[in-house]
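Worksheet: one structure, shown below.
Numbering (the working numbering), first residue to last: 1 to 109.
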């Protein structure tokens, strides 16, 4: 199901996935972490640092994505599905990729 969503991590600098495993609302965040760690997605950017921050403090699940250009995407996983998080990340990455391609086309005659 999640394999149909195309995520290219080229514009991503780092991803931090933070959750407390003993809470009931962390399943989608854990699945997101598993999808992001898949070798095909990791192959799109070997320099992207993926960190799992597992806590036992009852904190809400959170995905913090830092892009190369300094932008951030923070997704609170308690009310999101894995598909929604992957779609949000994929669409943001696609927009940044298109902007980068347009910049490079303008620079070369």
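Using N, Cα and C, we set each Cβ at its ideal position, and we do this for glycine too.
Here the structure is a predicted model, which is why all the values come from computation and not from measurement.
Burial state of residue 98 is exposed, judged by a 10 Å Cβ sphere holding fewer than 16 other Cβ atoms. Judged by beta-carbon spacing, residue 60 lies within the 8 angstroms limit of residue 78, meaning their Cβ atoms are closer than that value. Counting every other CB atom within 10 Å of its CB across the protein chains shown gives residue 36 a total of 16 or more, marking it as buried. When DSSP reads this structure, residue 76 sits in a beta bridge with 62. Closest by C-alpha distance to residue 95, out of 67, 81, 80 and 107, is 67.
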